[in-house]
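One structure is given here, and the rest of the page talks about it.
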Amino acid sequence: MRPSLIGYNASTVYGSPSYYALKMFSTNYGDEILSATLSNGEGMYKSVTRDSNTGVIYIKFVNTVAGKVDLTIALNGTLEVAPNAVIEILEGAPEDTNFIDEPEKVVPRTQTLKNVTPTFKCEIPPHSIAVIKLKEM
């Protein structure tokens, strides 16, 4: 049986992969929709927004395929971005979930992307959700 958004017993509470997916999407969004193109984006879903107050650009991906996807991301109309960006990735096999004895089997991990420009390359793991946060200059 798969848990809902959280699982718990008398001494432990943990989030399910669905909880983390919803948290990633609900806490990383802007108020402006941006145009962006992808190459090699078969099986990928994306959303690109910008926070008009902070200049942070959020690029969200869902990779539905069983293999990694190498993307070239082109942010149309963006002149310059900070050279370092953050990517948060939630990945696992479709049947993977978290349990009381393994509460962090599927949790987001964060990495830094370096040398980012308005057009850059990125690898998205199989069966994953990813959020890239860039700062527009």
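In this note's numbering, the protein residues as written are 9 to 145. A virtual CB, placed ideally from N, CA and C, is assigned to each residue, including glycine.
DSSP-derived helix/strand/coil call for residue i
i      : result
ALA138 : strand
TYR1   : What the structure shows of the chain is the stretch from 9 to 145, and residue 1 is not part of that stretch, so it cannot be assessed.
LEU83  : strand
SER26  : helix
MET32  : helix
Cβ-based neighbour list, residue i, same chain, cut-off 7 Å, excluding 5 preceding and 5 following
i     : result
GLY63 : LYS143, GLU144
GLU40 : THR57, ARG58, SER60
VAL21 : ILE14
Contact set for residue i: own chain, Cβ-Cβ below 6 Å, skip 5 residues either direction
i      : result
GLY51  : THR72, VAL73
GLY100 : VAL114
LYS68  : SER55, VAL139
Residue i and residue j closer than 8 Å at C-beta
i      : j      : result
ASN36  : VAL139 : yes
THR127 : SER24  : no
LEU83  : LEU42  : yes
Other residues of its chain near residue i: CB distance less than 8 Å, five sequence neighbours each side excluded
i     : result
VAL94 : THR118, GLN119, THR120, LEU121, ILE140, LYS141
GLY38 : THR57, ARG58, ASP59, SER60, VAL64, ILE65, TYR66
* Asked: Does the segment 76-86 touch the segment 111-118, meaning 3 or more C-beta pairs lie closer than 8 Å?
  -> They do not touch, by the three-pair rule.
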